[in-house]
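Structure first, commentary second.
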């Protein structure tokens, strides 16, 4: 490095510092423009809680109703996977990610895939894959498909509105109670008082919109069942508008009667299944208590159809908002109109189920009758006949009797309009009412997505105005709740981080004031901070960075770094003034002398952070803005220090009234004198000091070995969720029942916690049954529709409650709800599906005929793998993602007997489908809805599988019919209900969750030897892969190691250019290991684990440490050119640079304190690592680096010194 004399610099220098100092009017204008640019950038930058993490995932769902899972896998799933794999941009398989993943269930194939992270135009790739899938639709087996492609799987709701029904109001309850009481009095009026005292009625309250007359047959059947069971005598039916029931003389208790009704009679009749809007059945004995009994089981005021209409209005109103991109509704029950028939009745009229479709199709026409020309006009002919009311369906003539009288459809079937049964997906909302009682009601949830690059505040305001307008057209008591509110989260998070930023600014200003010991220099540093931030905001706005927690945290991290250049420049101005230069010259001369050092200091910090752009995966997307913001801040700081700091320094900094101490005086007096004596001793005994320092480095190994490893900490938020899994064949209503039990347990546990805290904690529970809810958090992948799955979204009043309640909820749910798997999950920053996961794949299934053997082998070794997991200390909730095998009934058709009866296999299939699931025979159109008309056999004739043997099978070739048992038999067997595939091979994932106090790394460490032994005994073609948090951590750490290496090499190259020497950079970098030990020590003593963010903090220390050494070395180089001795040069550099280094280090450390306090678990480990590392590095920079430098010069003779070497 070449240093010029002051006179030469004053005479020849033309740079920005001099220009801004000498052209002060222009400087003022540029300063105002810079501030305006920064304000504009900040105010117009989109704001969100977290960075945008692209979800490059899509799904392809294919239905093949009723077909066993292994056949769906072979004929549908593999074909879909093969078509998707033809795209060259599918994500390459790895231990932490997948390319193609599939789940095959009975009757359905679900294939998910994700694109490579290098893909920028996802729309084009999704379109390509969609075309490939459409091309294979025609090649799918008959009855399968079409493939339903969904590329919007990754859209995250900016706002989730749950619209729920309140309970029926008191007035309506009183009216209904009076109506029921009057009906009971009437039906019992002829009975003696002693008999009336023994009467009890099972009452089911229904919406008034339901035609209860259509239920008369079912109520008669209920009365018959009660009479036949000897539980009741003299049953009498009640069918009135709004309720149905059976009143009888009973000798059993209320619970027995309700149990019988629910499990036997109502279950067989399907009243609840056909009418999810019905209230829970009640038993009424004493008529005078009717209202009291009803109030205890009061149902919802609004039906699912009402909620569908209400939410449709909100959805349409939302979609016209410019900031809204898409609205999805969850929980809307699709309707149908059922023609419930008895096969004996149809047979008596000579009607086959297939005749129903012909009759309805002949009546319900919508096609045009053509066009006729009338002169110069053309007239459309529109035949009438389309159903305008469901009651008209009953008027269809189905046949004509021998007497010539028509037989109407209403005479043969029960016609009901209701919801598809059984329901496939349900939504509930649980909250406390005004009296403090928990109320669970039906709900429909709207997921409202925001367009990219829109302002979240504008989005929230537009939604609020929309709701205010729409509310005028909705019932006043309708519940509309924000169950996931990103605007609120953004507002709170940005406010929290901005508070941390403001606190950091104050602390940095105080450090500068204490360090300079006079207000002028401190004020210069304080002014430079907002100027630097203004330029940074303007720059990152142009770069497309948004205001979110990572970008704000990056500003806080950079705060200590950005004051480095202004502090050094301000200190240089003071020294030039002390040297006697006038203010007009000193203001630019001081920073100019250090321009090279400041430049390379900035370069080292920038190149230390920029390699973080190489991070891949979710962590790369999440942290993408960090290196950009820090680099922009450092460059802005460099610009400000060489422009506005000299300009403002001209006005602010004045020569000190007290004469500056000479360097000789500073060597003897005060703190600098103590430093000089300590430094002299260290250099004199440099070898001994160096050896002692090696023991300090060895402590780093000890600290690292005793630190627990983790990946990313949990995200502490108001929301958490519970995954509820039942065995594969569980119906939706059973899943809903277990989910309800889980809600009760959660409320009980929370109630105890609230007593301890003295305040309310749980705010609401939003439950989705039959599939996951909308994507309410970027890292939560919603489960696709599966009848044995439910998701509970829990919202608490304070974020800290989530961390405290999650382990309590988990312990209670695991112990109190057997037969189901319930996992309480906190939100994650970097999503890992299962903390401890091991994949077992079979990659030798070359022959499709060997699939049973392959599946059996996978299950066998998966069982062993689960046993290994269970043996690990701290492992809980061990299971796999295939679950147990289930029962299946196969209808074995005897071809000989079927041929003799002229029955084809298709005839058997049609009969079974019509009887069980129902077959569509027409459509009813109402406004924009198309409601299917479905013919289905009465529930009483299909109560059990054995009832199907008496099912009539009609020949399509003749008019004959035969019972199913005459041409087929039923055989049951065990079969795999769920088949998982990963990257086109069957894969079972065995997984576990760590118990409280354990990390996933603890479990993996305990299992390492057993897993190696297990892998060695696997047969050829079968492999295991470690997945879960361990794999993600290893992948992330590997990337961080590469980034650290690139940073060190980049810094080394920059330093080589600066010093024109390849050995001096080694001395500079020698300070880095000591700082890393300090970081590890801080993590250890703070109780933090060594996770990805801690690693990030350690890696980012390198540039900070090196930048401080560079400024030190710049002075050493000047002293060498002047011919000073080595020892004085090294220690004088420490004395002269002590103040700026201490100020910048203090500023950096104190700036990180608010982030550590307010930033939550995500940022704490990074802050602790940097605080510890900087604290130790400060000592190393001042004492250990001079020791190492002197060894290189005096002992190793690797660096030449032109001045005195030995005193």
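In the working numbering, the protein residues as written are 1 to 1207. Here a beta-carbon is modelled for each residue, glycine too, at the ideal position from N, C-alpha and C. Bear in mind that the values here come from a model prediction, so they are computed numbers and not experimental data.
Taking C-beta atoms under 8 angstroms as the contact rule, residue 1004 and residue 836 qualify, at a distance of about 7 angstroms. In the DSSP assignment, residue 889 falls within the beta strand (DSSP E) that extends over 886-893.
Remark: C-beta atoms of residue 446 and residue 315 approach each other more closely than 8 angstroms. Across the set 996, 205, 1199 and 750, the C-alpha of 205 shows the shortest separation from the C-alpha of residue 276. In this structure, the alpha-carbon of residue 1071 lies about 52 angstroms from that of residue 749.
Under the criterion of beta carbons closer than 8 angstroms, residue 223 and residue 246 qualify as touching, at roughly 5 angstroms.
If you compare the alpha carbons of 754, 322, 416 and 294 with that of residue 177, the shortest gap goes to 294. Taking each of 462, 864, 1063 and 1091 in turn and checking the Cα distance to residue 1013, the smallest one comes out for 864. Relative to residue 1081, the option among 1031, 1025 and 1171 whose CA is nearest is 1171. Burial is judged here by how many other beta carbons sit within 10 angstroms of a residue's own beta carbon; residue 44 has fewer than 16 and is exposed. When DSSP states are grouped into helix, strand and coil, residue 926 belongs to the strand group. In this structure, residue 42 sits away from residue 644, with a CB-CB distance that is not shorter than 8 angstroms. Between residue 1142 and the set 1115, 1159 and 1174, the nearest pair of CA atoms involves 1174. In the three-state reduction of the DSSP assignment, residue 278 falls in the coil class.
Beyond the five residues adjoining it in sequence on each side, residue 903 comes within less than 6 angstroms, by CB distance, of 953, 955 and 967 in the same chain, given in chain order. Approximately 5 angstroms separates the beta-carbon atoms of residue 183 and residue 238; this is inside 8 angstroms, confirming the contact.
A check of alpha carbon separations from residue 1028 across 20, 95 and 27 identifies 95 as the nearest. For residue 668, the uninterrupted alpha helix (DSSP H) segment begins and ends at 663-668.
For residue 1032, the enclosing alpha helix (DSSP H) stretches over residues 1028-1059.
Residue 686 and residue 1179 have their C-alpha atoms some 15 angstroms from each other. Along the segment 1105-1184, the alpha helix (DSSP H) occurs as fully enclosed runs of 4 or more residues at 1126-1136, 1138-1158 and 1161-1179, listed in sequence order. Within the same chain, and ignoring the five residues on either side of residue 422 in sequence, the residues whose Cβ sits closer than 7 angstroms to its Cβ are 273, 731, 732 and 733. For the segment 692-755, there is no continuous alpha helix (DSSP H) assignment of 4+ residues that stays within its boundaries. Annotation for residue 102: the continuous beta strand (DSSP E) segment containing it runs 100-105. Secondary structure of residue 397 (DSSP, three-state): strand. If you look at residue 349, you'll find it isn't in any alpha helix (DSSP H); DSSP assigns it neither H nor E. Cβ neighbours of residue 481 within its own chain (closer than 6 angstroms, five residues either side excluded): 162. One alpha carbon belongs to residue 254, the other to residue 285, and they sit about 9 angstroms apart. The DSSP-derived three-state label of residue 580 is coil. In the three-state reduction of the DSSP assignment, residue 807 falls in the helix class.
For the pair residue 479 and residue 159, the CB atoms are not nearer than the 8 angstroms cut-off. One Cα belongs to residue 64, the other to residue 1088, and the distance between them is close to 51 angstroms.
Within the same chain, and ignoring the five residues on either side of residue 862 in sequence, the residues whose Cβ sits closer than 8 angstroms to its Cβ are 840, 880, 882, 988 and 990. Here DSSP, grouped into helix, strand and coil, assigns residue 426 to strand. For residue 918, the three-state secondary structure derived from DSSP is coil. With respect to the 8 angstroms criterion, residue 700 and residue 570 are not classified as neighbours on the basis of their beta carbons.
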